[in-house]
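Structure first, commentary second.
See the structure below:
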């Protein structure tokens, strides 16, 4: 991410996830605001919901299969609370999860195929996500048709990020639908 902030705690901090909770350290409000602008630009709220706490209703994915974009808040049990900044950046840019596996479509690869973000921009998105209040929201698992094995990434990644591009823009989101997402996006 370009800086040294963001240490992984040595303890699980009493969470039910059984993982080391990631602590981002102090966040720069200007970087957080820039991250929110990018979140709106990339339409993350269309799939992950206006609170970015995941989508329990689902969106249509590849081959008509339902995809359930996960919780992007810093909740350690159901969100990004245990993922490092580098893992989240890898998911955003390369579509690779924290196990080195490809994320399910329709999650865009914003650093490659779907373009639009570089490392610095992805880091701003992470800053915004780290600034959110944790929301506990376990979404159903998404079964990826046509994804196999290691996606060839650097082994870092996802944070469970099965977001989506405009493919889910008209989906009925559990937190108010696409109209709410459009309003949050300023559209």
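Numbering (this note's numbering), first residue to last: 1353 to 1539. Glycine included, every Cβ here is placed at the ideal spot set by N, Cα and C. These numbers were taken from a predicted model, which means no experiment stands behind them.
Problem set entry | First through last residue of the alpha helix (DSSP H) which encompasses residue 1469 | Note, residue 1469: premise wrong, no alpha helix (DSSP H); not H, not E.
Exercise. Exposed or buried, which one is residue 1497 when buried takes at least 16 other CB atoms within 10 Å?
Worked result: Residue 1497 is exposed by the Cβ-count criterion.
Exercise. Assuming residue 1414 contacts residue 1457 under a Cβ cut-off of 8 Å, what Cβ separation, rounded to an integer in Å, is found between them?
Worked result: The C-beta distance from residue 1414 to residue 1457 rounds to 4 Å, short enough to meet the 8 Å contact threshold.
Exercise. What's the gap between the Cα of residue 1461 and the Cα of residue 1467?
Worked result: If I take the Cα positions, the gap works out to 7 Å.
For this session: Can you check DSSP and say which residues form a bridge with residue 1412?
Result: 1418
Exercise. If you count every other CB in all the chains shown that lies within 10 Å of the CB of residue 1294, and 16 or more means buried, which is it?
Worked result: The requested residue 1294 does not occur in the structure, where the chain is confined to residues 1353 to 1539.
Exercise. Under the three-state reduction of DSSP, which class applies to residue 1386: helix, strand or coil?
Worked result: Helix, per DSSP.
Exercise. Since residue 1437 is in the alpha helix (DSSP H), which residue starts that stretch and which ends it?
Worked result: 1437-1446
For this session: Within the same chain, show all residues whose beta-carbon is closer than 8 Å to that of residue 1390, passing over the 5 residues directly before and after it, in chain order.
Result: 1469, 1473, 1476, 1477, 1480
Exercise. Which residue from 1394, 1495, 1403 puts its Cα closest to that of residue 1463?
Worked result: 1394
Problem set entry | Residues that DSSP places opposite residue 1454 in a beta bridge | Its beta-bridge partners are 1448.
Problem set entry | Whole-Å CB distance - residue 1400 paired with residue 1424, under 8 Å assumed | 5 Å
Exercise. For the candidate residues 1444, 1388, 1410, 1428, whose alpha-carbon lies nearest to that of residue 1370?
Worked result: Ranked by Cα distance from residue 1370, the options 1444, 1388, 1410, 1428 are led by 1428.
For this session: Taking only the alpha-carbon atoms, compute the straight-line gap between residue 1451 and residue 1445 and give it to the nearest angstrom.
Result: The alpha-carbon of residue 1451 is positioned some 15 Å away from that of residue 1445.
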